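Mapping of the sequence shown onto our numbering: position 571 corresponds to residue 833, and the numbering continues sequentially without gaps.
We put the beta carbon where it would ideally sit given N, CA and C, even for glycine.
In this text the structure is predicted, and so the values were computed from the model without any measurement.
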Amino acid sequence: MDTHDRYSQYDRTKLTPVRSLRPIRLLLAAATAALTLTAALTTPLNPAPQRAQAAADDGKDVLTVAVAQSVDSLSPFLATRLVSTSIHRLMYEYLTNYDPKDNHAVPGLATKWEPSADKLTWTYTIRDNSKWSDGKQATAEDAAWTFNKMMTDEGAATANGSFVANFRKVTAPSPTKLVIELKKPQATMAALDVPIVPKHVWENVGDFSKFNNDKTFPIVGNGPFVITDYAPDSFVRLKANTSFWRGAPKFDELVFRYYKDQDAAVAALRKGEVSFVAGAPALTPAQAASLKGEENIKVNDAPGRRFYALATNPGARAKNGEKFGDGHESLLDQKVRQALFMAVDRKTIIDRVFQGHAVEGEGYIPPRFSTYHWKPTDGQKLSYAPDKASQLLDQAGYKKNADGKRVGKDGKPINYRILCHATDPQDKAVGKYLQEWWGELGIGVTLNCLDNVTDPWLAGEYDLAFDGWSVNPDPDFVLSIHTCAALPATPKDTGATDNFICDKQYDELYEKQLAEYDPAKRADLVKQMESRLYDTGYMNVMAYPNAVEAYRTDQIESIMTMPQDAGNIYGQDGYWGWWSATPAADGEAASEESSSAGVIIGIVAGVVVLAGAGAFFTMRRRATAEDRE
């Protein structure tokens, strides 16, 4: 699977201007302070330990990727963030992979797969030329153990349990033969997005719900890269797996560096300190515009695999029927949810927030996946119509008081709390518009922008929330997170649900599409599910953002996008980008440490010049997208 957007971020640092100083001793102090402030702008949170700071001057080709997400877990049984699942695709093989050109299933750990006549038994041939990085052979027993652990251990099923919910039995009759028996036919058997782990390593794990796989390095895997070091909220270092069956990557090392400030990441790209900037999850329009035309920098701007949505709290509940959280009772009314839909101007969001680097949202699956992309009919479409939205609210019984405020059943003015990511400028910009648009309806809006949105989300302590997922070529996973089966067992547990939707009609359609092998019929069922989500008003898909990212051409000569004609590099449905990346022949790898001496000399010289001119010495970070934050 790939991933939810409830990522933790950190507030951007605000810098205090420093006045120019006349005495020499204060001049030197100012230089030292300036150095500290410069480091604050460009250094990732919790800088990497010294062991990870060796410069790339030992002849190795190092590809350094600046990312705006920190890793939530290095355990493939727990991870849901895009950066984490992307890394797992580099660490471990899946049974199958997706072709980078047209997304059809291609061999991974399995070389071929075939169902029985009744579609209830699937047999996979496991390749005999895949080895774990500790030298042991990867076998069907590793795959069987991985699936069986997910079937029998709730902790191991945290991230990807939906893939095995229909499995009856999994066995490995031989090292190269895997057999999966199903309870009923399942159309996703060539799209099981589950990393296969080495049994001889993982069978020693105790509590899978708490094990993060981050204590012993290198981490044993059989993908194109092997993790050799990691520091939370800072970096992940991987080395090329020279024994990878498809061939070793061309870069010797791959480093993902977390930046708390995306402007700092862009600055690091300009200076050559990183090779690639992925964004959060994309560069802002202002950042992309500032990089276009710069020497040795290429901006990739292509249709993405994500959707950007506003999710409503439909009343948080657990499988045992217990309700929890404090979502606003008015959002239980479908008319209210639809009224909120009709008071969102998607065109304005595309034009002014994304500045054209996105297309208007409609159905749940982005248009890049044309087989499953759905559009509402003209009579069904909830277009921007504030007057009609106001009428719907009146019909639902939420009328305005003498002050022009909509009031709830308790007689109090309605004020919705919207969860947003603290450092996501798009969340904040869209939130400003919602305050304006919904304010005209008489509804108040409070933006609750947090570093950690996960905790209140899982507790059901929100009214609405900015939401987003990266969709796989097979949409089963992102469809499954809205089923009743994805709810937590009890309020104290963590389920696989996105935002507590549990709808009988949707569930019936989900079961039908899962068992439908005819591609056209299955696509039609998926579109019916999207139609149901749209009509209920639980998920307001506002935009499909482009994949906007940039890299240095003097460090990376070539790199594969997915799809190859026009697609993303970071966060692919596979490992193609980083595996295919070719170092520039005459370039230099991105150094992971800067020259402190050079920085000091430059700062001192700058202060001396400013002092001589009687000017003020001021430092401030670059402005972001629209100054709305």
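- Shown here, threonine 347 sits in a helix according to DSSP, grouped into three states.
- Straight through space, the alpha carbons of glycine 587 and tyrosine 634 are spaced by roughly 33 Å.
- Of the residues Arg668, Asp686, Ala782, the one whose Cα lies closest to the Cα of leucine 602 is Arg668.
- Cα atoms of serine 632 and arginine 608: separation of roughly 21 Å, rounded to the nearest angstrom.
- Under DSSP, glutamine 399 shares a beta bridge with Lys393.
- A straight-line Cα-Cα distance of about 26 Å links serine 537 and tryptophan 507.
- Of the candidates Asn677, Asp686, Leu572, Asn677 places its Cα closest to the Cα of glycine 706.
- The criterion of a C-beta distance shorter than 7 Å is not satisfied by threonine 815 and asparagine 562.
- Residue burial is scored here from C-beta neighbours: valine 368 has fewer than 16 other C-beta atoms within 10 angstroms and is therefore classed as exposed.
- Taking C-beta atoms as the reference points, alanine 400 and leucine 440 fail to come closer than 7 Å.
- By the criterion of a C-beta distance shorter than 6 Å, alanine 418 is surrounded in its chain by Phe339, Lys411, Met412, Phe470, once the five residues flanking it on both sides are discounted.
- Under the three-pair Cβ rule at 8 Å, the segment 418 to 435 does not count as touching the segment 371 to 380.
- Taking C-beta atoms as the reference points, tyrosine 806 and phenylalanine 569 count as a pair closer than 7 Å.
- For tyrosine 360, the secondary structure class from DSSP, reduced to helix, strand or coil, is strand.
- DSSP places lysine 671 in no alpha helix (DSSP H); its state is neither H nor E.
- Nearest neighbour of histidine 619 by Cα position, chosen from Leu545, Gly673, Tyr837, turns out to be Leu545.
- Proximity of the segment 486 to 498 to the segment 326 to 335 meets the contact definition, three or more beta-carbon pairs being nearer than 8 Å.
- Counting every other CB atom within 10 Å of its CB across the protein chains shown gives aspartate 380 a total below 16, marking it as exposed.
- When Asp689, Asp640, Thr639, Tyr360 are compared, the shortest CA-CA separation from valine 733 is found for Tyr360.
- Looking at Tyr832, Leu720, Asp686, the one whose alpha-carbon comes closest to that of tryptophan 840 is Tyr832.
- Restricted to the segment 639 to 664, the alpha helix (DSSP H) segments that are unbroken, complete and at least 4 residues in length are 648 to 657, listed in chain order.
- CA-to-CA, the gap between serine 505 and glutamate 465 works out to about 24 Å.
- Annotation for tyrosine 356: Gly370, Leu371, Leu454, Asp455, Val456, Pro457, Ile458 place their beta carbon closer than 8 Å to its own, counting only its chain and skipping 5 residues before and after.
- DSSP assignment within the segment 565 to 622 yields the following whole alpha helix (DSSP H) runs of 4 residues or more, N-terminal first: 596 to 604.
- In this structure phenylalanine 728 is buried. Its beta-carbon is surrounded by 16 or more other beta-carbon atoms within 10 angstroms.
- Counting only the Cα atoms, glutamate 778 lies some 40 Å from valine 539.
- Going by DSSP, glycine 693 is part of no beta strand (DSSP E) but of the alpha helix (DSSP H) stretching over 687 to 702.
- Distance from the CA of threonine 433 to the CA of lysine 445, rounded to the nearest whole angstrom, comes to 15 Å.
- In the structure shown, asparagine 562 adopts extended strand secondary structure according to DSSP, grouped into three states.
- With a contact defined as Cβ atoms closer than 8 Å, leucine 325 and leucine 516 qualify at about 5 Å.
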